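Protein chains: 4
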Amino acid sequence: MQFLSDNAASVHPAVWDAMRAADSPDAPYDGDALSAALDDRFSALFGRECAVLWVATGTAANCLALACMVPPHGAVVCHEEAHIEVDEGGAPGFYLHGAKLLLALGDGAKLTPDAIRAVIDPIRDDVHQVQPHAISITQATEYGRSYRADEVAAIATLARERGLGLHMDGARFGNAAAFLGSTPGEAAGDVDALSFGFIKNGGMSAEAIVFFDGALADVARYRRKRAGHLQSKGRYLAAQINAMLDNAVWLANARHANAAASEIAAVCGARLMHPAEANELFVRCTPAERETLRKQGFGFYDWGADAARFVTAWNTRDEDASALARAIASL
Amino acid sequence: MQFLSDNAASVHPAVWDAMRAADSPDAPYDGDALSAALDDRFSALFGRECAVLWVATGTAANCLALACMVPPHGAVVCHEEAHIEVDEGGAPGFYLHGAKLLLALGDGAKLTPDAIRAVIDPIRDDVHQVQPHAISITQATEYGRSYRADEVAAIATLARERGLGLHMDGARFGNAAAFLGSTPGEAAGDVDALSFGFIKNGGMSAEAIVFFDGALADVARYRRKRAGHLQSKGRYLAAQINAMLDNAVWLANARHANAAASEIAAVCGARLMHPAEANELFVRCTPAERETLRKQGFGFYDWGADAARFVTAWNTRDEDASALARAIASL
Amino acid sequence: MQFLSDNAASVHPAVWDAMRAADSPDAPYDGDALSAALDDRFSALFGRECAVLWVATGTAANCLALACMVPPHGAVVCHEEAHIEVDEGGAPGFYLHGAKLLLALGDGAKLTPDAIRAVIDPIRDDVHQVQPHAISITQATEYGRSYRADEVAAIATLARERGLGLHMDGARFGNAAAFLGSTPGEAAGDVDALSFGFIKNGGMSAEAIVFFDGALADVARYRRKRAGHLQSKGRYLAAQINAMLDNAVWLANARHANAAASEIAAVCGARLMHPAEANELFVRCTPAERETLRKQGFGFYDWGADAARFVTAWNTRDEDASALARAIASL
Amino acid sequence: MQFLSDNAASVHPAVWDAMRAADSPDAPYDGDALSAALDDRFSALFGRECAVLWVATGTAANCLALACMVPPHGAVVCHEEAHIEVDEGGAPGFYLHGAKLLLALGDGAKLTPDAIRAVIDPIRDDVHQVQPHAISITQATEYGRSYRADEVAAIATLARERGLGLHMDGARFGNAAAFLGSTPGEAAGDVDALSFGFIKNGGMSAEAIVFFDGALADVARYRRKRAGHLQSKGRYLAAQINAMLDNAVWLANARHANAAASEIAAVCGARLMHPAEANELFVRCTPAERETLRKQGFGFYDWGADAARFVTAWNTRDEDASALARAIASL
């Protein structure tokens with residue numbers, strides 16, 4: 008009973024079917040019909056004009072998006088526990104040619120306008136200090152928290168006031184939208200670019216970079232090729248994304264994962280380190296308690312010395328979630 | 008009847024099967040059993056110790072391999088028509104942090120020790136000029152030529168003498184090995200790293216970087232992650248490569264493509280711009296002749312004003328190859 | 008009798024005086040009065056609005072200027088023998104983050120619109136090929152040739168048509184302007200940025216980057232600091248440049264060097280490989296002839312097997328120039 | 008009465024004299040006799056083999072040194088208030104091609120082995136996290152603190168244990184050595200490279216990068232040229248450094264500045280935020296007190312809301328130091 012991560016879950020049947028259906032010749036790279044359809048599909052989904060590029064990883068999505076907003080001599084404000092800071096092997100330094108990450112604080116890896124101002128206001132407006140050019144937030148956050156529409160709006164307003172770009176790392180964007188019960192447009196708010204993740208949500212190897220500013224996308228196309236991310240058989244990536252949008256599979260999958268997390272969270276009480284607002288749970292428990300759970304067959308990561316992380320996925324079985332809930336309740 | 012390229016051909020059934028078989032949970036990234044098997048499989052194939060990383064594109068494979076051999080202030084010698092120079096959107100400049108490509112000449116995009124020396128010997132050994140640190144050759148070349156074992160050996164000897172790394176872009180390595188009738192080890196010779204291409208040969212989205220020097224691979228693992236090329240569901244890439252190695256599918260596929268090219272080449276006579284030594288044909292023909300061929304349903308690229316490029320693939324139908332041969336013969 | 012290069016000549020007395028005069032406290036970096044004066048002084052000199060930054064080397068000047076015009080995924084068109092390609096140790100690759108140099112041909116290291124079009128017209132407008140973003144020309148060229156106003160204008164027109172920036176490497180800009188007998192504004196034409204060299208012309212360690220587009224300068228200020236080129240005692244650099252502008256020392260020095268070159272060129276006849284249009288002479292002569300000259304005490308560089316390069320400077324003594332002229336005439 | 012900074016102080020007469028004495032032709036770049044002398048001079052000074060390069064700024068010195076120790080995918084551990092982090096305009100990101108700075112804590116901007124371990128021990132040894140490759144410490148620190156020999160030794164031991172390079176930013180190295188009363192070799196300890204600053208200590212535009220590992224210097228020479236920091240009239244920089252070493256001008260100047268700081272510190276008592284161990288004083292005082300001091304003609308920077316920074320220099324007049332001491336005592 009696997010709660011280690013959603014990042015290696017199996018692939019949704021609809022995704023497989025779409026990939027197989029793409030197995031006939033079409034134009035290489037992103038010249039195929041499936042890739043060409045993405046702009047319209049996401050524009051419809053978000054209710055505003057989008058330009059969309061597929062890439063194979065969330066790291067590539069995040070870094071390509073930011074590279075189009077931030078010059079090499081600039082900086083990105085992000086949370087000190089943001090994935091781009093902590094878990095991307097320095098990819099932002101590579102893609103942004105040495106631009107800096109400026110680290111802000113905030114509960115549950117959430118940023119606020121105040122937290123951002125605390126970082127950027129002390130920066131002297133001179134050439135000795137690296138100036139911010141963009142903000143990056145994660146929806147849902149690295150601790151499974153979801154930004155409400157007004158929270159994103161407040162950050163977007165600050166970004167506009169300061170002339171900063173706004174990027175959203177949506178590796179688990181579907182889970183956030185599902186939790187919020189809002190449209191994708193509401194969950195994304197007024198960002199300039201969104202890394203819309205599908206891999207953790209039933210896809211195999213395709214994420215979408217959704218640009219709400221076409222000029223950024225025009226740069227990103229060159230950068231994607233230059234980064235070796237323009238696959239020649241791109242139709243198999245586009246097929247995955249189209250399949251996830253068809254019949255809102257992305258939303259159904261996210262809801263399923265969230266529901267499993269909710270069921271488990273319900274028994275955690277004060278053990279919960281962060282409100283359960285997506286599909287990740289951070290649960291206080293002793294080493295002995297973790298040992299107990301592992302002996303019952305539950306797989307998960309330790310989170311420091313006194314906690315565990317449980318992640319549900321699109322394919323978490325109901326009985327497994329129930330079993331874990333019972334097991335935690337019995338600790 | 009498609010002869011445009013092999014780069015968007017459909018995926019071989021054995022690859023599909025292997026991907027489906029990988030659709031159960033395993034460790035993320037390259038921690039899965041299929042990824043872990045690659046070192047041994049390629050070591051067996053090449054008869055010497057290898058360390059192998061999968062990546063999604065040939066561009067990423069080439070540039071990651073070179074980035075481990077060449078410091079940012081160095082240079083790579085390659086043919087002036089090498090893929091890394093002409094068709095990778097500046098990816099070497101990105102991955103190698105501004106290192107230079109030094110362009111050598113040679114018929115059929117083949118390098119020779121003399122051609123390489125003509126480029127590197129005039130470089131003053133001082134800090135004002137960029138010093139070479141590696142050589143990159145393409146097997147089979149961009150014009151479908153294959154290096155014989157002694158030709159690679161001569162270049163490898165020069166590389167050793169000058170302290171240069173040696174990389175082989177093997178986007179169509181299978182086709183070269185098939186043409187040469189030699190083992191992979193003979194076709195690769197004494198290179199330090201080989202980009203072993205599978206995508207043009209029946210794969211979907213997985214190329215192998217084969218390092219014959221483990222120290223380079225140790226660096227490459229960090230660089231791959233940093234470039235956003237470490238996919239979380241890496242087992243689907245490893246599955247593709249394993250499937251290509253099983254039963255030597257890679258060799259059968261390459262032979263098939265080569266045979267189709269051979270059949271067509273046989274009728275081309277003096278039209279052939281380059282000997283047919285893999286699966287690409289560059290055929291002199293007038294615009295009117297190309298028009299004639301296109302009217303008969305053949306798809307291919309113009310190659311300048313007076314020639315056409317035909318590429319066969321693992322799935323080129325025998326009757327299509329025969330039809331093209333007849334059509335060219337009738338021009 | 009030194010004709011090796013102008014690049015290590017001694018420093019002009021007026022420059023020394025100005026540096027000494029700057030030896031009282033003022034604001035650090037470029038906050039001092041002398042640095043602040045540069046925009047106005049160059050604006051007056053060129054007859055149009057300029058923003059000017061000092062840097063310590065021509066390489067830094069060229070590369071900072073270009074870095075403000077060309078994104079990392081772009082390219083610069085330059086002559087295949089341009090200093091930025093041949094003699095800057097790969098600095099453009101560093102400063103431009105891996106952008107490419109596209110090499111054009113032309114007699115005497117001069118570019119023409121046709122030569123530039125021959126390079127850029129074949130570039131497919133797709134993401135697989137690196138797109139040009141700027142042109143760089145050298146005034147006077149690496150072979151001592153000077154662009155006439157209409158030649159620069161023709162290149163500038165092409166640049167505008169294609170949306171390319173235009174940079175002029177003016178390491179010997181003074182010599183070109185002196186030869187042309189034109190104003191600096193005419194000698195520079197409609198470029199976006201000029202590296203105006205003073206070091207070879209009597210300065211010690213200060214070149215000016217003259218931006219005719221203020222937006223580029225605003226970026227360059229950050230890039231200069233980031234490159235470690237913002238000296239804290241910048242007033243000593245600004246003093247050098249101001250001293251060179253005072254009483255048109257730059258022009259007098261350049262005229263002196265040119266006159267010495269002219270006197271020597273006058274006896275060279277068919278030996279001259281390139282018309283003498285600045286202060287560099289490339290003179291055909293056999294190894295034996297070079298030996299003869301060296302025995303007479305003349306210092307110079309061999310230029311390949313069959314020629315020599317003689318460079319005059321602001322402080323070349325009249326008698327030395329005459330002596331060299333006589334010696335060459337007597338060969 | 009100027010206590011703003013030592014970074015724009017006038018140039019020491021011995022430096023002027025040496026520069027004037029260098030005003031005769033010699034080989035360009037670093038081929039001159041003065042540049043060639045540096046290795047031996049510093050080897051004698053430090054009592055161990057050194058290879059020394061001049062550069063024009065401390066930023067260039069720091070970043071070139073680090074670039075030779077740290078690959079683009081690596082990281083440098085430094086204090087969160089280190090100059091390279093706070094005041095170099097992102098130069099480390101540029102020179103190190105996007106390598107990361109890992110920020111450690113410590114009183115007075117001093118690092119300790121514990122503080123360093125607190126940063127590096129939690130880094131997982133996997134490709135998702137950026138691995139440390141070097142440590143950089145500042146002697147004297149950004150708060151005017153000097154590392155004792157055993158403190159440097161402890162950090163050097165940790166560096167060796169972990170396979171990390173060790174760099175010392177010695178923008179005020181002379182002041183530290185003077186304070187410690189130790190030899191330069193003792194003040195530097197077992198570092199791999201030292202940025203030995205002269206500009207703040209009476210020089211004009213020359214810092215020395217002292218490499219105690221010749222292999223690093225061999226790389227640095229290429230990187231210096233590539234960064235546009237190889238000046239053609241390098242002898243004027245070498246002259247400055249030689250002049251500072253002659254008769255231990257560097258030490259006399261540092262002692263003078265330290266003595267002035269000491270005199271002022273003596274009256275500061277509890278106002279002192281950090282022990283005075285070099286030539287910088289951070290003094291608690293209210294806005295009203297600062298106003299009082301400014302009215303008396305003292306120039307200095309505010310340090311946050313409740314303090315002021317006073318920096319003495321090689322040329323601080325005794326009477327000015329005394330006057331400031333009296334003024335502070337009278338607050």
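Chains as they are written, first to last, in this note's numbering: chain A, 8 to 338; chain B, 8 to 338; chain C, 8 to 338; chain D, 8 to 338. C-beta: ideal position from N, C-alpha, C; glycine also. Please read all numbers here as calculations on a predicted model, not as lab measurements.
Which one or two residues does DSSP pair with B/Leu110 in a beta bridge? For the purposes of this step, residue 110 of chain B is identified with residue 103 of the second sequence, where counting begins at 1. Residue pairing by DSSP puts B/Leu110 in a beta bridge opposite B/Cys85.
Pick out whichever of D/Leu244, D/Trp310 and D/Gly304 has its Cα sitting closest to the Cα of D/Thr293. Here residue 293 of chain D refers to the residue found at position 286 when the fourth sequence is read from its first residue. Residue D/Trp310 holds the alpha-carbon nearest to the alpha-carbon of D/Thr293 among D/Leu244, D/Trp310 and D/Gly304.
Which whole-angstrom value is the C-beta distance of A/Thr319 and A/Glu214, which I expect to be below 8 Å? For the purposes of this step, residue 319 of chain A is identified with residue 312 of the first sequence, where counting begins at 1. For the purposes of this step, residue 214 of chain A is identified with residue 207 of the first sequence, where counting begins at 1. The Cβ separation is near 20 Å, so there is no contact.
To the nearest angstrom, report how far apart A/Arg152 and A/Thr145 are at their CA atoms. On the first sequence, residue 152 of chain A is found 145 positions in, with the first residue counted as 1. On the first sequence, residue 145 of chain A is found 138 positions in, with the first residue counted as 1. CA-to-CA, the gap between A/Arg152 and A/Thr145 works out to about 9 Å.
With 8 Å set as the bound, which would you pick, yes or no: does the beta-carbon of A/His174 sit closer than that to a beta-carbon of chain D? The residue you call residue 174 of chain A lines up with position 167 of the first sequence. Taking CB atoms only, A/His174 has no neighbour in chain D less than 8 Å away.
Are the Cβ atoms of B/Ile216 and B/Ala200 separated by less than 8 Å? Here residue 216 of chain B corresponds to residue number 209 of the second sequence, with the count starting at 1. Here residue 200 of chain B corresponds to residue number 193 of the second sequence, with the count starting at 1. Yes; because the gap between Cβ atoms is below 8 Å, this pair is in contact.
Who are the near neighbours of A/Ala184 in its chain, counting only those whose CB is closer than 6 Å to its CB and skipping five residues on each side? Here residue 184 of chain A is taken as the residue at index 177 of the first sequence, counted from 1. The answer, listed in chain order, is Pro191 and Ala194.
How long is the line joining the alpha carbons of B/Ser253 and A/Ala156, rounded to whole angstroms? Position 246 of the second sequence, counting from 1, holds the residue named residue 253 of chain B. Position 149 of the first sequence, counting from 1, holds the residue named residue 156 of chain A. The sequence shown places Asp at residue 253 of chain B, not Ser. So the two alpha carbons sit approximately 52 Å from each other.
Using DSSP's beta-bridge definition, name the partner residues of D/Gln138. Start at 1 with the first residue of the fourth sequence, and residue 138 of chain D comes out as number 131. In DSSP, D/Gln138 forms a bridge with D/Gly81.
Considering only the beta carbon of each residue, do A/Val84 and A/Pro129 sit closer than 8 Å? Numbered from its first residue, the first sequence carries residue 84 of chain A at position 77. Numbered from its first residue, the first sequence carries residue 129 of chain A at position 122. With a cutoff of 8 Å on beta-carbon distance, A/Val84 and A/Pro129 are scored as not near each other.
Which listed residue (A/Ala295, A/Phe53, A/His104 and A/Ser50) has its alpha carbon closest to that of A/Leu71: Here the question's residue 71 of chain A lines up with position 64 in the first sequence. A/Leu71 has its Cα closest to that of A/His104, out of A/Ala295, A/Phe53, A/His104 and A/Ser50.
Is the beta carbon of C/Asp47 less than 8 Å from the beta carbon of C/Asp39? Your numbering for residue 47 of chain C matches position 40 in the third sequence. Your numbering for residue 39 of chain C matches position 32 in the third sequence. Between C/Asp47 and C/Asp39, the C-beta gap is not smaller than 8 Å, which leaves the two residues out of contact.
With H, G and I counted as helix, E and B as strand and the rest as coil, what does DSSP make of D/Ile130? One-based indexing of the fourth sequence puts residue 130 of chain D at position 123. The answer is coil: DSSP assigns D/Ile130 none of H, G, I, E or B.
By Cβ distance below 6 Å, which residues in the same chain neighbour B/Ala332 in space, the five residues on each side in sequence not counted? Within the second sequence, numbered from 1, the residue matching residue 332 of chain B stands at position 325. These residues qualify, in order along the chain: Glu270, Ile271 and Val274.
Listed in chain order, which residues of the region 236–264 of chain A have Cβ atoms closer than 9 Å to some Cβ of chain C? Contacts with chain C (Cβ-Cβ distance below 9 Å) from the region 236–264 of chain A involve Leu237, listed in chain order.
Kindly list the residues whose CB is nearer than 8 Å to the CB of B/Ala116, restricted to its own chain and excluding five residues on each side of it in sequence; keep chain order. In the second sequence, the residue the question calls residue 116 of chain B occupies position 109. His86, Glu88, Ala89, Thr145, Thr148, Glu149, Tyr150 and Arg152.
Counting pairs of Cβ atoms below 8 Å between the region 158–165 of chain C and the region 230–238 of chain C, do you hit three or more? Between the region 158–165 of chain C and the region 230–238 of chain C, the count of Cβ pairs shorter than 8 Å is below three; the stretches do not touch.
Roughly how many angstroms separate the alpha carbons of B/Arg131 and C/Gly96, rounded to a whole number? Position 124 of the second sequence, counting from 1, holds the residue named residue 131 of chain B. Position 89 of the third sequence, counting from 1, holds the residue named residue 96 of chain C. For B/Arg131 and C/Gly96, the distance between alpha carbons rounds to 11 Å.
Can a CB atom of chain D be found closer than 8 Å to the CB of B/His135? Within the second sequence, numbered from 1, the residue matching residue 135 of chain B stands at position 128. For B/His135, the answer is yes, since a Cβ of chain D falls inside 8 Å of its Cβ.
Classify D/Asp121 as buried or exposed, calling it buried when 16 or more other Cβ atoms lie within 10 Å of its own Cβ. Translated into the one-based positions of the fourth sequence, residue 121 of chain D becomes position 114. Exposed, by the Cβ-count rule.
Would you mind giving the Cβ-Cβ distance between D/Gly204 and D/Met251, rounded to the nearest angstrom? I have them listed as a contact below 8 Å. By 1-based counting over the fourth sequence, the position of residue 204 of chain D is 197. By 1-based counting over the fourth sequence, the position of residue 251 of chain D is 244. The beta carbons of D/Gly204 and D/Met251 sit about 10 Å from each other, so the pair does not count as a contact at 8 Å.
Is the beta carbon of D/Leu110 sitting closer than 8 Å to the one on D/Ala227? What you label residue 110 of chain D is simply residue 103 of the fourth sequence in a count that begins at 1. What you label residue 227 of chain D is simply residue 220 of the fourth sequence in a count that begins at 1. Their beta carbons are not under 8 Å apart, which means D/Leu110 does not touch D/Ala227 by this criterion.
Helix, strand or coil for D/Val59, going by three-state DSSP, please let me know. Along the fourth sequence, read from residue 1 onward, the residue named residue 59 of chain D stands at position 52. Strand at D/Val59.
Interface residues of chain D facing C/Thr323 [CB-CB closer than 8 Å]: Taking the first residue of the third sequence as position 1, residue 323 of chain C is located at position 316. The premise fails here: C/Thr323 is roughly 11 Å from chain D at the closest Cβ pair, so nothing lies under 8 Å.
What did DSSP end up calling B/Phe219 once you bin it into helix, strand or coil? Sequence index remark: in the second sequence, residue 219 of chain B carries index 212 (1-based). B/Phe219 carries a coil assignment under DSSP once its states are collapsed to helix, strand and coil.
Check for me: the beta strand (DSSP E) holding C/Gly172 runs from which residue to which? What you label residue 172 of chain C is simply residue 165 of the third sequence in a count that begins at 1. First-last of the beta strand (DSSP E) with C/Gly172: Gly172 to Gly177.
Using a Cβ cut-off of 8 Å, which residues of the region 222–233 of chain C contact any Cβ in chain A, in chain order? For the region 222–233 of chain C, the residues whose beta carbon sits under 8 Å from a beta carbon of chain A are, in order, Val226, Arg228, Tyr229, Arg230, Arg231, Lys232 and Arg233.
Would you report the Cα separation of A/Ile123 and C/Pro78, rounded to the nearest angstrom? Position 116 of the first sequence holds residue 123 of chain A. Position 71 of the third sequence holds residue 78 of chain C. Between A/Ile123 and C/Pro78, the C-alpha separation is close to 28 Å.
Does the Cβ-Cβ distance between D/Ala58 and D/Gly170 come in under 8 Å? On the fourth sequence, residue 58 of chain D is found 51 positions in, with the first residue counted as 1. On the fourth sequence, residue 170 of chain D is found 163 positions in, with the first residue counted as 1. In this structure, the beta-carbon distance from D/Ala58 to D/Gly170 does not fall below 8 Å.
Buried or exposed (CB count within 10 angstroms, at least 16 for buried), A/Arg20: Counting from one through the first sequence, the residue named residue 20 of chain A turns up at place 13. Sequence inspection shows Pro at residue 20 of chain A; the Arg mentioned does not correspond to that position. Under this definition A/Pro20 is an exposed residue.
Which same chain residues, not among the five before or five after D/Thr119, have their C-beta less than 8 Å away from its C-beta? Within the fourth sequence, numbered from 1, the residue matching residue 119 of chain D stands at position 112. If we look at D/Thr119 and ignore the five residues flanking it on each side, its Cβ neighbours are Gly113, Glu158, Ala161 and Ile162.
Please list the segments of the beta strand (DSSP E) lying wholly inside the region 184–238 of chain C, counting only runs of 3 or more residues, in order along the chain. If you keep only unbroken beta strand (DSSP E) runs of at least 3 residues inside the region 184–238 of chain C, you get 200–203 and 214–218.
Would you tell me roughly how many angstroms separate the C-alpha atoms of D/Ala29 and D/Lys107, rounded to the nearest one? Sequence index remark: in the fourth sequence, residue 29 of chain D carries index 22 (1-based). Sequence index remark: in the fourth sequence, residue 107 of chain D carries index 100 (1-based). Straight-line Cα distance between these residues: approximately 40 Å.
Report the option in A/Tyr229, A/Asp94 and A/Leu52 whose CA atom is closest to the CA atom of A/Cys75. Along the first sequence, one-based indexing puts residue 75 of chain A at 68. Sorting A/Tyr229, A/Asp94 and A/Leu52 by C-alpha distance to the C-alpha of A/Cys75 places A/Tyr229 at the top.
Start-end ranges of the alpha helix (DSSP H) lying completely within the region 246–284 of chain D, minimum 4 residues: Segments of the alpha helix (DSSP H) lying fully in the region 246–284 of chain D: 256–272.
At a CB-CB cut-off below 7 Å, which residues of chain B make contact with D/His104? Here residue 104 of chain D corresponds to residue number 97 of the fourth sequence, with the count starting at 1. For D/His104, the C-beta contacts it makes with chain B under 7 Å involve Pro79 and His104, in order along the chain.
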